[in-house]
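Undergrad:
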Amino acid sequence: TKVDPSKDIIYVNGSRLPKRQPHKVYFALNKPKGYICSSGEKESKSVISLFDDYLSSWDKKHAGVPPPRLFTVGRLDVATTGLLIVTNDGDFAQKLSHPSSNFSKEYIATVDGLVHKRHLMAISEGTTIEGVHCVPDSVELLPNMPNAQRARLRIVVHDGRKHEVRELVKSAGLE
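Sequential numbering from 1 applies to the sequence shown in full-length UniProt numbering.
#1: What residues match up with Phe103 in a beta bridge as DSSP calls it?
#2: According to DSSP, is Glu130 helix, strand or coil?
#3: Work out the CA separation of Val73 and Ser49 for me, nearest whole Å.
#4: Work out the CA separation of Ala151 and Arg161 for me, nearest whole Å.
#5: Does the beta-carbon of Pro68 have 16 or more other beta-carbons within 10 angstroms, so that it is buried, or is it exposed?
#6: Apart from the five residues on each side of it in sequence, which residues of its chain come closer than 6 Å, Cβ to Cβ, to Ser124?
#7: Mapping DSSP to helix, strand and coil, what is Ser44?
#8: Which residues bound the alpha helix (DSSP H) around Lys33?
#9: Return the residue from the list Asn102, Lys117, Lys31, Asp91 that minimises the CA-CA distance to Leu153.
#10: Since Val47 and Ile36 should fall inside the 8 Å C-beta cutoff, what is the C-beta to C-beta distance between them, to a whole number of angstroms?
#11: Taking the beta strand (DSSP E) that Ala93 belongs to, which residues open and close that run?
#12: Just tell me which of Ser56, Ile85, Gln94 has its CA closest to the CA of Asn30.
#13: What whole-angstrom Cβ distance do Leu70 and Thr87 have, given they're in contact under 8 Å?
#14: So is Val132 buried or exposed if we call it buried at 16+ other beta carbons inside 10 Å?
#15: Within the same chain, show all residues whose beta-carbon is closer than 8 Å to that of Tyr11, passing over the 5 residues directly before and after it, in chain order.
#16: Does the Cβ of Leu76 have 16 or more other Cβ atoms within 10 Å, making it buried, or fewer, making it exposed?
#17: State buried or exposed for Leu174, treating a residue as buried only when at least 16 other CB atoms are found within 10 Å of its CB.
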């Protein structure tokens, strides 16, 4: 039987499907400090709250289409800034974040003090996090920015374990 989702009423497992499926949306967001990437913790603001204006104006532009349920692809710590992908496309998110996709993640870590070759070697050797030895793909000291008081490291990882970059830096005696 052919159905027309815009005309027919369709139920799946007792739940009525919306007449029109939400459009798939994709955003590149520079996450600011102080925002979390999950909705479970209430002590910090959620990254998704940055889209409140967009979501509240949805009906004006897309009458009859339910607003997208946005989520982040991956996570960044509350104190970390950087690129996040925000979408409502679960298949896309899965392709990006699943380990079999073999994507690397690049971080620029800002650290206190002077960085010596021994620090870079220690980071390169990795550290154990929650019983798993994590080794970065690469680590390099970046040139100082004008008027910069802190050194910057470019660290590329594959796993993206919780606090991985922070723990790698800490294990080398840097903060």
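All residues carry an ideal CB built from backbone N, CA and C; glycine is no exception.
TA: Quick answer:
#1: Assignment of beta-bridge partners to Phe103 by DSSP yields no partner.
#2: Of the three classes helix, strand and coil, the one that applies to Glu130 here is coil, per DSSP.
#3: In this model, Ser49 and Val73 are separated by some 15 Å (Cα to Cα).
#4: If you take the alpha carbons of Arg161 and Ala151, they lie about 23 Å apart.
#5: It is buried - the Cβ of Pro68 has at least 16 other Cβ atoms within 10 Å.
#6: The residues are Val139.
#7: Coil.
#8: Where Lys33 is concerned, there is no enclosing alpha helix (DSSP H), given that its DSSP letter is neither H nor E.
#9: For the residues Asn102, Lys117, Lys31, Asp91, the minimum Cα distance to Leu153 belongs to Lys117.
#10: The Cβ separation is near 7 Å, so the contact holds.
#11: Annotation: Ala93 is outside any beta strand (DSSP E); the continuous alpha helix (DSSP H) that includes it extends over 90–97.
#12: The shortest C-alpha separation from Asn30 is found at Ile85.
#13: Right, the Cβ-Cβ distance comes to about 7 Å (below 8 Å), so this counts as a contact.
#14: Exposed is the call here.
#15: Shown here for Tyr11: same chain residues with a beta carbon closer than 8 Å to its own, the five before and five after excluded, namely Leu17 in chain order.
#16: With 16 or more other Cβ atoms within 10 Å, it is buried.
#17: So Leu174 ends up on the buried side.
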